[in-house]
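Those letters in the sequence shown? Residues 15 to 538, by our numbering. What follows is a short report on a single structure.
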Amino acid sequence: MITTLHLRHFVLIQQAVIHFEKGLNILTGETGAGKTILIQAINLLMGQKADTDVIRSGEETAIVTATFEIANLTPVHTLLNEAGIVFDPQEELIIKREISRTSKNRIFINAQLAPLQLLSQLGTHLFEVAGQNTSVALRSSDQQRETLDTFGSIDITPFSYSYENEKKLFRHLETLKLQKVDAERVMQRIQWELEDLQAVDLSEDEEALFEAYKNQTNSQERIQSLSLMTQALENSVLPTLSQFKRYLPSSELLETALTSLNELSFSLSSELEDLQLDPEQLEALEKKLSKLSSVKKKYRIEATDIPKRLATLEQELKHFEELDAQIETLEKAHEAAKLECDVLAQNLTKARIIAQKTLEEELTQEIRFLNMPDATFQIEIAPKEIGPDGADQVIFYLSANRGEKPALVKSKTSGGELSRLFFALKLLLAEKEAIPILIFDEIDSNIGGETATLIGEKLLELSQSRQVLCITHFPQVARFATHHLLISKKIDGERTHTTIESLEGSQKKEELLRMIGGKATLPQ
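And the structure:
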């Protein structure tokens, strides 16, 4: 339970300390006095995002601090332990929020900094706020289904997990099937590229190949030059000079020239014999270099990157070759997942049908107590396309009067009927949800005084097992309070203040009389 709420510089409140008690805590006050300020503060304690609008005009920081008794709240203990928050279950838990205009907002739990997510998680185990807006939510199909599930203690988590798994497998399967459609063309392209790259001789690097080719080319050019010179000497120069010798037998110069040229011819022939040329090797080198150049240009790749590219292509080819096997395996897995999902959906339907009858009977009994003696509540469970919450559409119907055909709660019920239906549901769900603090924000709107008395009785009954906070305009409800708080708006000079005070004895009686018809009704 919440024991105290300390507000500082919060909306119209300069500073206030509100004490709550076990049982039924009633909050009353004139319209516009600031009763919603309390709900704003509670929402912040439940992890709602803060807005600087809650900071009192002229101040820089608003502070909301609350203390709680958590001795029997095991889920709260678990969350605190998991978050590393030091606490003693037998002592009060202190939660504080600071909202600043200029610096970072902060959250403290037992004086330890805490994240907003933790506060939100704690809030779901500490409070439930029910008001006019939340009762309207009952018109939602999803809310009606969630209400039935909560009443029947139906856990849809296993189904939701199975449903998401089936959808995940389905999406993966569709992706593989699309890949298969394109696989033949892609595989052909990969095969062509593989053949081109595999045709490249990678036993020597590009530089070594080019050097070998250069050496062979240079040797070929040298051989051609030497051959031409040798042929010229042997076939032309030397025979011609030898003929000159017949006419100049004693010419020493001619003799010296012939000797030198013969030596030159011999030297050239010797060098020519020493030079080796392998035409086949030269041709092979030319082909290797030509293929390498073609591949580099075609695939925009360097020679050093070819091995890596080959490995990638081989892996891609292997993937496509294994695609059929993958699809077959995944189809079996998806079929099994879909079967599991269908079975779990059927189990949900069965559980909802079981809960349906009980909820119809118990809720009919509750709303009849709330001054609708001939009302009947009915539920229809209709099949729908399977989704994250199962394969059922849950539809609430209400017949408010004898002889009237059941009407859709979604669209046909009046505001007063909806308020009573919602309140009756909250009474039934209270034990199921096990929330220690229930807050009703004008849940009695759109009803009459006689019904308000009945709601007051039910609130008092409900407060026997948990703490109840109720904001009301009805004295018929307020008179059941075990603890009565009055919210007032006062003007002090140029400033407006909201104050909250606890009422006892005659103060409580005076406030009830004011709610009935004003102070003029007080006995003289």
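Note that the Cβ used here is the ideal one computed from N, Cα and C, for glycine as well.
In this structure, the beta-carbon distance from Ala-125 to Ile-108 falls below 9 Å. Between Arg-480 and Pro-450, the CB-CB gap stays under 9 Å. Our two residues, Ala-466 and Glu-160, have alpha carbons roughly 27 Å apart in a direct line. Here DSSP, grouped into helix, strand and coil, assigns Ala-350 to helix. In the structure shown, Thr-343 adopts helical secondary structure according to DSSP, grouped into three states.
It is roughly 17 Å from the alpha-carbon of Glu-525 to the alpha-carbon of Leu-483. Looking at His-511, Gly-519, Thr-512, the one whose alpha-carbon comes closest to that of His-497 is Gly-519. Rounded to whole angstroms, the gap between the alpha carbons of Thr-363 and Glu-374 is 16 Å. Looking only at Gly-507, Thr-512, Gln-490, the smallest Cα-Cα distance to Leu-500 is reached by Thr-512.
Here Glu-112 is bridged, per DSSP, to Ile-77, Arg-120. Take the alpha-carbon of Glu-380 and the one of Ala-421: they are about 18 Å apart. Per the coordinates, the alpha-carbon of Gln-392 lies some 9 Å from the alpha-carbon of Leu-377.
Boundaries cannot be given for Ser-167, as no beta strand (DSSP E) includes it and DSSP labels it neither H nor E.
The Cβ neighbour count for Lys-419, taken over all protein chains shown within 10 Å, is under 16; the residue is labelled exposed. Its chain contains Ile-123, Asn-124, Gln-126, Ala-128 as the residues whose beta carbon lies nearer than 7 Å to that of Ile-99, once the 5 sequence neighbours on both sides are disregarded; these appear in chain order.
At a Cβ-Cβ threshold of 9 Å, Ile-51 and His-23 do not count as neighbours. In this structure, the alpha-carbon of Val-90 lies about 11 Å from that of Phe-101.
Looking at the DSSP output, Ala-396 bridges to Gln-407. Setting aside the 5 residues that flank it on each side, Ala-396 is surrounded in the same chain by Gln-407, each with a C-beta closer than 6 Å to its C-beta; the list follows chain order. At the C-beta level, Leu-473 and Leu-344 stay beyond 9 Å of one another. With contacts defined by Cβ atoms closer than 9 Å, Gln-29 and Leu-21 form a contacting pair. One thing to note: Leu-384 has its Cβ no nearer than 9 Å to the Cβ of Phe-165. For His-487, there is no enclosing alpha helix (DSSP H), as DSSP marks it with neither H nor E.
One thing to note: Leu-324 has its Cβ no nearer than 9 Å to the Cβ of Gln-205. For the alpha helix (DSSP H) assignment, the uninterrupted runs of no fewer than 4 residues enclosed by the segment 23–103 are, from N- to C-terminal side, 49–59, 88–97. The beta carbon of Ala-55 sits closer than 7 Å to the beta carbons of Leu-19, Leu-21, Phe-24, Val-78 from its chain, once the five residues preceding and following it are set aside; these are given in chain order. Out of Gly-43, Met-15, Ala-97, the CA that lies nearest to the CA of Gly-37 is found in Met-15. Going by DSSP, Lys-503 is part of the beta strand (DSSP E) stretching over 497–506.
Taking a C-beta distance under 9 Å as the contact criterion, Phe-173 and Leu-358 qualify as a contact pair. Gly-61 has its alpha-carbon roughly 35 Å from the corresponding atom of Gln-521. Using a C-beta cut-off of 8 Å, the segment 184–201 makes no contact with the segment 445–463, since fewer than three inter-stretch Cβ pairs fall below that distance. The distance from the Cβ of Thr-66 to that of Arg-115 is about 5 Å, consistent with a contact at the 8 Å cut-off. Counted as a single uninterrupted DSSP element, the beta strand (DSSP E) harbouring Thr-512 occupies residues 509–517.
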